[in-house]
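Participant: Can you read through this structure? Questions will come right after.
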Amino acid sequence: MKNIEEILTAHWKSNHKHTITLDAVRYSALRRLGPDKFKELHQRNLAGENFDEMVTQLAVDWANDKV
């Protein structure tokens, strides 16, 4: 079984740098959420909104001090 460093190295070498960076930004945004905000995103996702797009927008808003 590969460890996280091996997985990241393999992805980095296979030119998935953009995906890894975007995933890291999304993960960072999710880590900042409180339970109520996460619940809201989850409910919106269940209603049909794209979860990744919502989280990406949240990260953009934080980067631009809109949250």
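For what it's worth, the numbering used here labels the leading residue of the sequence shown as 115, then goes sequentially. Ideal placement from N, C-alpha and C gives every residue a C-beta, glycine not left out. Since the model is a prediction, treat every value here as computed from it, not as a measurement.
#1: Which residues in the same chain have their Cβ closer than 7 Å to the Cβ of Ala143, if we skip the five residues on either side of it in sequence?
#2: So what does DSSP say about Ala138, is it helix, strand or coil?
#3: The alpha helix (DSSP H) spanning Asp150 covers which residue range?
#4: Just how far apart, CA to CA, sit Ser128 and Met115?
Facilitator: Walking through what the data contain:
#1: Here the set comprises Val169, Leu172, Ala173 and Trp176.
#2: Three-state result, Ala138: helix.
#3: Its alpha helix (DSSP H) spans residues Pro149 to Leu160.
#4: Ser128 and Met115 have their C-alpha atoms roughly 19 Å apart.
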